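To convert, take the position in the sequence shown, counting from 1, and add 1153; that gives the working numbering.
Cβ coordinates follow ideal geometry from the N, Cα and C atoms, glycine included.
On a predicted model such as this, the values are computed, not experimentally measured, just so you know.
Notes follow once the structure below has been shown.
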Amino acid sequence: MKYFIIILILLIAGGVYYFQKQTQDLEVADFQVGNKQIKVEIADTIAKQAQGLSGRDSLCLDCGMLFTYQKPKFQRFTMQGMRFPLDMIFIENGKIVEIREGLRYPENGEEPVIIQSSFESDMVLEVNEGFVWRNRLQVGESAVLTRN
């Protein structure tokens, strides 16, 4: 029984380490959205997507997190664990198909907001609140990832 508990603890510790390692090793790439060039961290695994921007205090002004998917689908996000407001840009086949602005994080025990896309997308870009407005982004504009 004692060995079982030790092995179980080691497996749990290994799993936690692996999950943290997966979420820390984010590829950074250039991303052109509309006429604006930004740096994005790419969340392309389930672990990275589950972590997202949760737990961070901020995001640099011209930075974002890009969630990429193999196939287009209706996307569902939560603001659970977020500490700052976001704009979300849903992208399909290199074009903006939907924009959500001013998404609030939960405060003082509030339930987190659930964001459900109205259109299928193969990428979702999370940026600081106000990014869409400052850059006058609109549905139909191009969105192109350039991996180094």
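I'd like to know whether the C-beta atoms of residue i and residue j end up nearer to each other than 9 Å.
i     : j     : result
M1241 : V1277 : yes
K1201 : D1275 : no
E1282 : E1254 : yes
R1257 : E1180 : no
When the Cα atoms are used, what is the spatial distance from residue i to residue j?
i     : j     : result
R1287 : E1279 : 15 Å
F1220 : E1245 : 12 Å
E1273 : F1243 : 8 Å
L1214 : M1154 : 53 Å
R1289 : Q1190 : 13 Å
Q1269 : Y1222 : 16 Å
N1188 : F1284 : 12 Å
F1237 : S1211 : 6 Å
G1247 : D1178 : 25 Å
T1231 : I1199 : 15 Å
Hey, residue i and residue j are a contact pair by Cβ (cut 8 Å); roughly how many whole angstroms apart?
i     : j     : result
M1218 : V1193 : 6 Å
R1229 : I1267 : 7 Å
G1234 : S1271 : Going by Cβ atoms, the distance from G1234 to S1271 rounds to 24 Å, so no, they are not a contact pair.
By the 10 Å Cβ neighbour count, where 16 or more other Cβ atoms means buried, how is residue i classified, buried or exposed?
i     : result
I1249 : buried
E1294 : buried
Q1204 : buried
F1227 : exposed
For residue i, which residues does DSSP report across the bridge?
i     : result
N1281 : L1239
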